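Start counting the sequence shown at 0; every next residue gets the next number (numbering that gives the first Met the number 0). The structure appears right after this line, and notes come after that.
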Amino acid sequence: MVLKEELDACSRSKRNLTQRLCEIETNMLAIITKYQEELSLATAHEHRVADEYAQVYAEKEARGRVIDSLHQEATMWMDRFALTLNGSQELPRLLAKAKAMVDTYSAPEEIHGLLDYCQHMIDLMAHIIRNR
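Below, the structure written as structure tokens:
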């Protein structure tokens, strides 16, 4: 009789432990799933940030190329201006083209200043040619 009660107690204990083990396993699976989802979200965010960084860097590089192009254009323009004091319409046309590029792309203040100076010099040249 004592052994039968012991056996019943062991069976109850085994059922309780099995039930608790199932509950713990379910909870662990839920925790694993939760962290897998968080990892997936973090990975997706990392990819988005990397893509945004690549895009910003590419835009910065493109802007640098445009600024270099504007600087070369302004330098070429100044060289032509220095060689030309004959009232040609080529200089105003080139200046208008350069100003259009500067207005399209946000160029540094030095480029704006250089183009303003070029406009001033064209105006001065036109004044000199008119009053010869």
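Even for Gly, the Cβ is constructed at its ideal location relative to N, Cα and C. Remember, predicted model here, so these are calculated numbers, not experimental data.
DSSP, reduced to helix, strand and coil, places Ser105 outside both helices and strands of the structure shown, so it counts as coil.
Our two residues, Met0 and Arg19, have alpha carbons roughly 29 Å apart in a direct line. Distance from the CA atom of Thr17 to the CA atom of Tyr34, rounded to whole angstroms, is 26 Å.
The three-state secondary structure of Met120, taken from DSSP, is helix.
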